[in-house]
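Heads up, the thing below is written out as C-alpha cells.
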Amino acid sequence: MDPSLNPIPSPARPPAIGEVVEEGFVEEIRDDRTGEIHQSSAFLRQELRGLNLLRAEQEDLLRAGTPRFRCSCCEVGVTLRLSKLRRWHFRHIEEDGSCRYKTKGTLSQDDFDARRYNGQKESPQHIRMKGLIRDSLHADGSFDSESILEEVRWRGQVKPGTWKIPDIQAIRNGTRIAFEIQLSSTYVNVMRERRMFYLAEGGLLFWVLTRLHEGDRRQFQDDILYPNNCNVFAIDEETKALSWTNAELTMRCGYLEPVREGWELRERWCERLVTLSELTLDLKNQRVFYFDYEKSRAEIEDSLRILDGANVLDGFTALLQAKANQETDQLDKWRSFKHTLPQVFKWPFDLYGGGFFVALDIYLSARSGHPVGWNYQALIQSAHRCVDIHPELLPFLEDCFRAFGRSAIFSDKRYAEKWEKKRAKAVAEAIAKPETKVHLARLRHYQPAMEWLMPEARRGIALTLAQLDSV
Ligand SMILES: [Zn+2]
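Residue numbers (the numbering used here): 9 to 479.
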C-alpha cells in the first residue's frame, strides 16, 4: 500500500509507567503465585504494559474463582482498576465493610466510561460501524459472503448451551471470526469473558475501534492494545473505500514499536493502513497483529547488553567471582573491564561504588537462581548478606527477586521467620545508620549505569534511591 498514506510515527519515549492512587484502595496484597505480600503502591508502579497484562489475567482468574491477587487483610480477590485520574489501584471484588481497607464508593474509570457511554450499544454510531465492517468484508473475496452475518447468535459447539451475539461474524479459510466493536462501554471482565468463549470455540475475536486514540489514550483502547501484542485496529469510511480498491479487508492499525536509542529501550506509537493478509492471526492466544511487539522488544533488550559479541552480564559475573575468591588482581580486572563498557555512563572507581557491586551481585544471583558472589550455596544467604552490609538495598533486592520469580523463598518455612526479623532490622537500620546516606549518595552516581545493566529492577533502583530523600 502507498506508504505516503501512513502518518509519521510519534517521538519515542520510555515505556509508560502507571500512576498510583493515594487513598481508598487495598494497601497490601498477596500474590498467591509466589506467596509474597506486596505494598500495592510499590507493586503498581510498573510499566502500563505489565499492569494491563496483569489486569487481563486477574480478570480471567477471578472468573475461574482462583484469583492470583488477594487482599492481604481479608483474603478477598482484588481487581486492578483505574481512578478517574487514571491512577491504578487494587479494589476488593466484593466488599461487605469488614475489611480495614475500604474501597467502596470510589468511582473507577471503568465505571465512569460505562456510565458515560451507557446505552451507546445501539447508538447511531454503533449501527454505522456494523455497516462499515460488513461492507468492508464484502469487498474481500477471502470471506465466504454467505457467512457474513450481523447480530446472529453464535452457539457454543464445545460448550453447548452457551452463546454470544457478535456484532458481525464471518468465515475466512475455515476460521470463524467474531468482529466486535469497542465503543468504550464494555467492561474489561466482559471483554475477557467473550475472549474465553471464542477461544474455547476455536474462533477468533477481533476488536474493532471507531478510531485510533494516540494523544488521548483511553483505557478501553489499552484493554485491547496490551493483551493484543500492542496492536489495535479501526475501520472507517476511508478504510472501507480502500477495502474495495484493494479487494481485501483494509484497516487502520495503531501499534507500539520498541526502538533502541543509544543504550536505552524506548517505544513509539505508529499508525498505518494494513490489509488482512499482512496480519498474524494467532488463534491460540486470541491475538491479531501487524507488528510483533514482543519479538521486537526481546531482540532489542538482548542487544542492549551485548558488547563486541559478548554479554556484559557474563563479564560482571566473572568479576564478582574473582572478588569472591579474593583474587589479588581483582581491581586490575575491574579497571580493564571498565574500559570496554559504554563510556556514557559513570562507573565506580574501585570495587565499592556505594553498594554498586553488592546490588549487581543480588541482581545476577536472582536472575540465575544461584548465588553469584561470596561463594554461598543458597540464594537466601546472599539475601541475608546483602541486607547485613547494605540494609538500604532492601527495596532493590525485593524487586530483583520479584522480577525473576524468586520471591517464594522469603515465605519458605525454613527461612521465613529468620528473614522477617532480618527484614524488619534492615528497614530500621536503613533509616538509623548514618553511613546509609553516604552509600546512597554515592550509588546515585551510577543510577543510569544500573538501569542499563538491570532494566528488570528499574523500579527497585528508584525505590532504593528514593530513601535518600527520607533518611
Ligand atoms: Zn480486604
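Ideal Cβ positions, reconstructed from N, Cα and C, are used throughout, including at glycine.
Integer-rounded CB distance, given that residue j should sit under 8 Å from residue i
i	j	result
Gly85	Arg78	6 Å
Leu451	Arg414	Not really, about 22 Å apart at Cβ, beyond 8 Å.
Arg76	Asp104	Actually they are not in contact, since the Cβ atoms of Arg76 and Asp104 sit about 22 Å apart, beyond 8 Å.
Asn197	Glu27	Actually they do not touch by this definition, with Cβ atoms about 23 Å apart.
Pro399	Ala434	4 Å
Tyr234	Asn60	4 Å
Glu245	Asn14	Not a contact, Cβ separation roughly 18 Å.
Thr472	Phe404	4 Å
Gly363	His447	5 Å
Gly480	Lys110	The chain is shown from 9 up to 479; residue 480 falls before or after that span and cannot be answered.
C-alpha distance - residue i paired with residue j, whole-angstrom precision
i	j	result
Glu209	Cys82	37 Å
Leu220	Met259	11 Å
Gly127	Tyr423	Any reading at Gly127 must be qualified, since the residue scores a pLDDT of 49, below 50, and its modelled position is unreliable; the value itself is stated next. Approximately 55 Å between the Cα atoms of the pair.
Leu401	Asn293	38 Å
Leu213	Leu291	9 Å
Pro266	Lys138	33 Å
Arg7	Thr283	Because residue 7 is not part of the residues shown, which for the chain are 9 to 479, the question remains open.
Ser6	Leu327	Not covered by the structure: residue 6. The range shown for the chain is 9 to 479.
Glu65	Asn236	13 Å
Ser304	Ser311	11 Å
Glu154	Asn254	21 Å
Thr336	Phe357	17 Å
Ile37	Ile45	6 Å
Thr216	Ile189	Strictly speaking, residue 216 in this sequence is Val, with Thr absent from that position. About 5 Å.
Gln475	Asp340	33 Å
Gly361	Gln385	25 Å
Ile288	Ser251	Looking at the sequence provided, one finds Thr at residue 288 rather than Ile. When rounded, the distance between both Cα atoms is 18 Å.
Ile308	Ala438	36 Å
Thr170	Arg163	6 Å
Lys441	Cys394	15 Å
Ser285	Gln229	23 Å
Thr348	Leu264	32 Å
Ser80	Leu90	20 Å
Cys107	Arg268	46 Å
Glu201	Thr194	11 Å
Arg211	Gln165	Looking at the sequence shown, residue 211 is not Arg but Gly. Each residue's Cα considered, the two are about 11 Å apart.
Ile185	Phe98	34 Å
Ser12	Phe299	18 Å
Closer than 8 Å to chain C by CB, residue i
i	result
Asn333	In the displayed structure, chain C is absent; only one protein chain is listed.
Closer than 7 Å: residue i CB and nearest ligand 1 heavy atom
i	result
Val29	no
Cys82	yes
His100	yes
Cys408	no
Val34	yes
Cys278	no
Pro394	The sequence shown places Cys at residue 394, not Pro. Incorrect: Cys394 has no Cβ contact closer than 7 Å to ligand 1.
Cys238	no
Cys261	no
Beta-carbon gap between residue i and residue j smaller than 8 Å
i	j	result
Ala141	Phe205	Strictly speaking, residue 141 in this sequence is Ile, with Ala absent from that position. Cβ distance not < 8 Å, so Ile141 and Phe205 don't count as in contact.
Asp369	Ser344	no
Thr218	Leu191	yes
Ala470	Trp355	no
Arg274	Arg53	no
Glu222	Gly262	yes
Ser48	Val34	yes
Leu145	Ile156	yes
Phe297	Asn239	yes
Ile417	Val366	no
Met199	Asp231	yes
Asp407	Arg313	no
Gln491	Leu321	The first residue shown for the chain is 9 and the last is 479, placing residue 491 beyond what the model contains.
Thr87	Leu70	yes
Ile173	Glu159	yes
Lys430	His392	yes
Pro350	Trp271	yes
Leu56	Ile101	no
Asp316	Lys248	no
Check: residue i C-beta below 7 Å from any heavy atom of ligand 2
i	result
Tyr109	With respect to ligand 2, the structure shown offers nothing to examine, as its ligands consist of ligand 1.
| query | Counting pairs of Cβ atoms below 8 Å between the segment 426-433 and the segment 457-468, do you hit three or more? | reply | no
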